[in-house]
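Worksheet for the structure shown next.
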Amino acid sequence: MKISLGRHDMRVLGFFAGAAILALAACSTGQKEPLRIADVSVTADLPALGSRQAVAYWKNVGTDLETAIADQFVGYLDPAGKRIDVNVDELSLASPFATGATAETARLSGLVTLLNADGTKSAAYNVTASAQDVQNALPEGSKSVAPTSGAYYQAIIEAFARGAANTLKESHEGSS
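Numbering (the numbering used here), first residue to last: 9 to 184.
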């Protein structure tokens with residue numbers, strides 16, 4: 009038995025073959041859509057402050073942290089994306105005069121919650137930034153700064169934002 013296909017039939021078969029190849033290619037890449045963020049909000053209540061030095065920065069910590077976290081997602085900001093909510097549990101900037109104070113006693117920690125567009129919780133993580141995390145965020149040429157300085161505050165904000173973003177991105181990539 010001989011089957012002959014017309015020109016139209018060949019085009020249809022070619023179309024379906026091409027579509028099948030594209031579908032297989034899309035499935036085989038396994039690339040997950042990157043995490044897209046619509047909004048970042050931060051709350052830092054006065055009881056979260058663990059030192060007198062932190063009080064000087066309290067009014068700005070929410071805005072500074074929102075900006076630093078949003079900066080970690082530049083290129084992935086999308087009004088239809090997920091929301092990040094941060095509840096700062098502790099902001100301590102060690103006094104150099106306090107007994108036993110070191111850079112390790114200066115820290116920023118909080119609960120980072122990732123919310124779906126509909127407001128349901130996608131994930132939540134405790135994130136902490138301390139002296140070890142700050143080294144990479146210090147101003148260029150700085151070997152160390154006092155844990156009460158503005159430069160240390162900015163570095164700990166950047167370190168927390170980087171840690172929060174990395175945690176959220178890694179968990180998003182791992183959830184298939």
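By construction, the Cβ of each residue, glycine as well, lies at the ideal position given by its N, Cα and C atoms.
- Around the beta carbon of residue 100, 16 or more other beta carbons lie within 10 angstroms, which makes this residue buried.
- Contact between residue 77 and residue 169 holds: their C-beta atoms lie close to 5 Å from each other, under 8 Å.
- Taking every protein chain shown into account, the CB of residue 118 has 16 or more other CB atoms within 10 angstroms, so this residue is buried.
- When rounded, the separation of the alpha-carbon atoms in residue 66 and residue 52 is 7 Å.
- Separation of residue 56 and residue 160 (C-alpha to C-alpha, rounded to the nearest whole angstrom) is 18 Å.
- Only exposed fits residue 149, as fewer than 16 other CB atoms lie within 10 angstroms of its CB.
- Taking the Cα of residue 82 as reference, the smallest distance to any Cα among 182, 48, 94 is reached at 48.
- Taking C-alpha positions only, residue 91 is separated from residue 176 by approximately 11 Å.
- Distance check between residue 125 and each of 179, 181, 69, 86 places 86 closest, using alpha-carbon atoms only.
- Listed in chain order, the alpha helix (DSSP H) runs fully inside the stretch 111-148 are 139-142, counting runs of at least 4 residues.
- Between residue 165 and residue 97, the C-beta spacing is not below 9 Å.
- Exclusion of the five residues before and after residue 123 leaves 90, 91, 92, 93, 129, 130 as the residues of its chain whose Cβ lies within less than 8 Å of its Cβ.
- In the DSSP assignment, residue 72 falls within the unbroken alpha helix (DSSP H) covering 60-80.
- Distance from the Cα of residue 132 is smallest, within the candidate group 42, 180, 70, for 180.
- Across the set 178, 183, 40, 171, the C-alpha of 171 shows the shortest separation from the C-alpha of residue 116.
- By DSSP's assignment, residue 52 forms a beta bridge with 96.
- For residue 50, the closest C-alpha among the options 41, 63, 69, 62 is that of 69.
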